[in-house]
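Asks:
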Amino acid sequence: MGSVPHVQQSVRWTGWTLLVWLVFSGARSAVATLQVEGSLFWMTPHGDVAVGHHGVSGTRVDLADDLGCDSAVTVAGGQIVVGDVHQLGLEVNRFSVSEETRLGRTIRFYDKTYPVSSLVESSLDMTLVKAFYRFTPGTSLARGGYMVGVQYVSAEVEAAASSVGSARGDVKSPMPFIGVYFASYPLPFLGFQATACGSRWDLGEVSASYVDIEVRLEMEFVLGSFMGIGYRYVGLDVEDDDLPAEADVVLSGPVIYAGWEW
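Numbering (this note's numbering), first residue to last: 8 to 269.
#1: Which of helix, strand or coil does DSSP assign to valine 171?
#2: How would you label threonine 202, buried or exposed, when you count the other beta carbons within 10 angstroms and need 16 or more for buried?
#3: Going by other Cβ atoms of all chains shown within 10 Å of its Cβ, with 16 needed for buried, is leucine 224 buried or exposed?
#4: Who are the Cβ neighbours of alanine 254 in its own chain at under 6 Å, not counting the five residues just before and after it?
#5: Quick one: give me the first and last residue of the beta strand (DSSP E) that alanine 79 is part of.
#6: What separation, rounded to the nearest whole angstrom, lies between the Cα atoms of serine 32 and serine 232?
#7: If you drop the 5 nearest sequence neighbours on each side, which residues of the same chain put their C-beta closer than 6 Å to that of arginine 175?
#8: Could you tell me the distance, in whole angstroms, from the CA atom of glutamate 221 to the CA atom of glycine 237?
#9: Specify whether the segment 180-189 and the segment 118-132 touch according to this definition: at least 3 beta carbon pairs, one from each stretch, less than 8 Å apart.
#10: Would valine 157 and tyrosine 140 be called neighbours here (beta carbons separated by less than 8 Å)?
#11: Enumerate in chain order the residues of its own chain whose CB-to-CB distance from histidine 53 is below 6 Å, with the five nearest sequence positions on each side excluded.
#12: Spell out the partners DSSP gives histidine 61 in its beta bridges.
#13: Is it the case that the CB of glutamate 165 approaches a heavy atom of the ligand NAP more closely than 7 Å?
#14: Can you give me the C-alpha to C-alpha distance between arginine 112 and valine 123, rounded to a whole angstrom?
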């Protein structure tokens, strides 16, 4: 009878060991062929935009100082990656921000002129779509390589005042890019990832530069699930001589994400 407590204790420890193994069983598979994730990116947009009309340049409008867009915005996004060493991926992020502010100077935007002290309602809508190929040889301990792809940017800015009316302008551009990728999982359930990509180019009436840097700390759980935290910096500078229009915008802040891989 004296051995019963010992047996119960052994069973208890075995149960806890099994639970820990189930939770932290995740060494990132070296042969995963599908990854799906969702993310939330808390960022504050910085920079300026200018939208002209019929060849007449608009005023360079600062997002924070002129339009009052100085608060953090939640960007909802998602990504799907197919493949192991050779990977194809698609990522989509979109956000919308609107503010009301009283102008401290006269601003020309598209075909409207908003005088100083006008109460202006403004909005910024941006969609980022990234399609890429990524070559990542290596093992779960360390793997890395290069990536190439296209980042499509669609940004729409609108301003409205009761005394003047509303005006809307947009900038849309595909941006081919190259970059590097690195991932390391020194522990079966804990890993680190880093991505850096960008480009600068001119095509017809559109010139653009783009940089995207992200670092992540990731934890894996049972059944291929994972979640992590990170920090991301996205810089976009687009000029379209047709309107003309310009957008020089930086998006940066913390990121959380979660998903599954098979």
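Beta carbons are placed, not taken as given, at the ideal position from N, Cα and C, and that holds for glycine.
Replies: Working from what's here:
#1: Valine 171 falls in the coil class under three-state DSSP.
#2: Residue environment analysis places threonine 202 among the buried positions, since at least 16 neighbouring C-beta atoms fall within 10 angstroms of its C-beta.
#3: Classification for leucine 224: exposed.
#4: Correct list, in chain order: Val56, Ala162, Val178, Val245.
#5: For alanine 79, there is no enclosing beta strand (DSSP E), as DSSP marks it with neither H nor E.
#6: With a pLDDT of only 46 at serine 32, under the threshold of 50, the placement of this residue in the model should not be trusted; the figure read from the coordinates follows. So the alpha carbons of these two residues sit roughly 10 Å apart.
#7: Here the set comprises Glu165.
#8: If you take the alpha carbons of glutamate 221 and glycine 237, they lie about 7 Å apart.
#9: Verdict: no, contact absent.
#10: The Cβ-Cβ distance between valine 157 and tyrosine 140 does not fall below 8 Å.
#11: Excluding positions up to five away in sequence, the list reads Val257.
#12: Answer is none; histidine 61 lacks a bridge partner.
#13: For the structure depicted, the ligand NAP is absent and the ligand set is empty, with no information on it obtainable.
#14: Going by the C-alpha atoms only, they are around 4 Å apart.
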